[in-house]
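Colleague:
Residue numbers (our numbering): 2 to 165.
Set out below in structure tokens:
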């Protein structure tokens, strides 16, 4: 459609904005946020923490609360036509169409949803994401910031020990 002028066209349309999905108001100053609310018509979210051994609270804040904050911001945008969220950098399985996400048990995969296992299933507690978010919030309110990482490691180790 734009041929050789595509790059110029895109540079006229795209405006990079420094922000942070982990912060209130997405880490933007109020003036920038208000300008976006008034004028933006497309939001593409690819923000994610893809470190496999990231601290649980950090990953939860970036990959769960971050998109929620961005969606809340997007709902305020007067001219928004498209909101595209890229869920993660990693996928499991090959499915087509609308795919509803669900929390899996440790070790469970998409393939197991439709296949019969030859080994007896292991009883692993389901992940209650709301309870995990509340635990994270309560922990940050009750523990000094310098002690959060150590406390989270202890909680994680205790949860794993209970399963094993």
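Ideal placement from N, C-alpha and C gives every residue a C-beta, glycine not left out.
Quick caveat: nothing in here was measured; it's all calculated off a predicted structure.
1. For residue 61, is the classification buried or exposed, using 16 other Cβ atoms within 10 angstroms of its Cβ as the cut-off for buried?
2. Is residue 46 near residue 86, with beta carbons less than 8 Å apart?
3. Quick check on residue 21: does DSSP put it in helix, strand or coil?
4. Reducing DSSP to helix, strand and coil, say where residue 40 ends up.
5. Only counting the same chain, and skipping five residues up and downstream in sequence, which positions put a Cβ closer than 8 Å to that of residue 141?
6. What does the alpha-carbon distance come out to for the pair residue 127 and residue 134?
7. With H, G and I counted as helix, E and B as strand and the rest as coil, what does DSSP make of residue 46?
8. Could you compute how far the alpha carbon of residue 20 sits from the alpha carbon of residue 29?
9. Run through DSSP, which three-state label would residue 84 get?
10. For residue 69, which option in 83, 55, 54, 48 has the closest C-alpha, if you only look at C-alpha atoms?
11. Classify residue 22: buried if its beta carbon has 16 or more other beta carbons within 10 angstroms, exposed otherwise.
12. Pick from 55, 8, 71: whose alpha carbon is nearest that of residue 43?
Modeller: In brief:
1. The residue labelled residue 61 in the question sits at position 60 within the chain shown. By the 10 Å Cβ count, residue 61 comes out buried.
2. The sequence position of residue 46 within the chain shown is 45, counting from 1. The sequence position of residue 86 within the chain shown is 85, counting from 1. Yes, Cβ-Cβ distance for residue 46 and residue 86 is below 8 Å.
3. Taking the first residue of the chain shown as 1, we reach residue 21 at position 20. Coil at residue 21, not helix or strand.
4. Against the chain shown, residue 40 aligns to sequence position 39. Reduced to three states, the DSSP call for residue 40 is helix.
5. The residue labelled residue 141 in the question sits at position 140 within the chain shown. These residues qualify, in order along the chain: 58, 149.
6. Taking the first residue of the chain shown as 1, we reach residue 127 at position 126. Taking the first residue of the chain shown as 1, we reach residue 134 at position 133. Near 15 Å, if we compare the C-alpha coordinates of residue 134 and residue 127.
7. Locating residue 46 in the chain shown gives position 45, where the first residue counts as 1. Of the three classes helix, strand and coil, the one that applies to residue 46 here is strand, per DSSP.
8. Along the chain shown, one-based indexing puts residue 20 at 19. Along the chain shown, one-based indexing puts residue 29 at 28. Each residue's alpha carbon lies about 5 Å from the other.
9. In the chain shown, counting from the first residue as 1, residue 84 sits at position 83. It is a strand residue.
10. Taking the chain shown and counting its residues from 1, the one referred to as residue 69 is at position 68. The shortest C-alpha separation from residue 69 is found at 48.
11. Within the chain shown, residue 22 is the residue found at index 21, counting from 1. When all chains shown are included, residue 22 counts as buried.
12. Your numbering for residue 43 matches position 42 in the chain shown. Ranking the options by Cα distance to residue 43, first place goes to 71.
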